[in-house]
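Notes follow the structure.
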Amino acid sequence: MLLKHEEKLTSIMNDIRDIKESGKTDNKVTRDKFNVLSQMLQEIEHKMDDMEERRNNARRETLKQQLFNLYYKYKERAEATGEMVLSQCEYEQFWTAFHEYESEPLNGDGLIHSVVEVYMRGFTSED
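Numbering follows our numbering, in which position 23 of the sequence shown is assigned residue number 9; successive positions increment by one, without gaps.
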């Protein structure tokens, strides 16, 4: 789908270049073409923004589920062993996913911050 939009964008850019190079004196035709091209560019930009937002939402939800799964796994293990220690790999895995979840453009928040992050801060890493 992005390829289709890229081709359309390339075509529009070529049309703009052709209009500039042609040096036509018919300003109305030129203005009309620019208006059409501008509208097409806005539509493409809007579609691409929507696609990026959907992708970010899907990634945020995936990370949210991963963080909840890790939280429950480590919490259950800590309750069973009485130790809040993670291997270096587990520790890095959780915090890497957490930082991706909370940073731009995902901007995750909510229960992950109020419950999961608070609890997971109590864990230490094996060195």
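C-beta atoms are modelled at their ideal positions from N, C-alpha and C, and glycine is treated no differently.
Check	Outcome
Pairwise C-alpha distance: arginine 46 and serine 89	10 angstroms
As assigned by DSSP and simplified to three states, the class of serine 111	strand
Top-ranked residue by Cα proximity to isoleucine 98, from Pro91, Phe20 and Tyr87	Tyr87
Own chain partners of threonine 48 with C-beta closer than 6 angstroms, once the 5 adjacent residues on each side are dropped	none
Methionine 37 to alanine 44 span [Cα, whole Å]	11 angstroms
Residue of Val15, Lys6, Tyr58 and Leu23 minimising C-alpha distance to serine -3	Leu23
Close-in-space but distant-in-sequence residues of the same chain around phenylalanine 109 (CB under 6 angstroms, 5 per side omitted)	Met70 and Leu72
Buried/exposed call for methionine -1, threshold 16 Cβ in 10 Å	exposed
Which listed residue (Ile30, Val101 and Gly94) has its alpha carbon closest to that of leucine -5	Ile30
Inter-residue spacing [alpha-carbon to alpha-carbon] between lysine -10 and asparagine 42	21 angstroms
Separation of proline 91 from aspartate 4, as counted between CA atoms	37 angstroms
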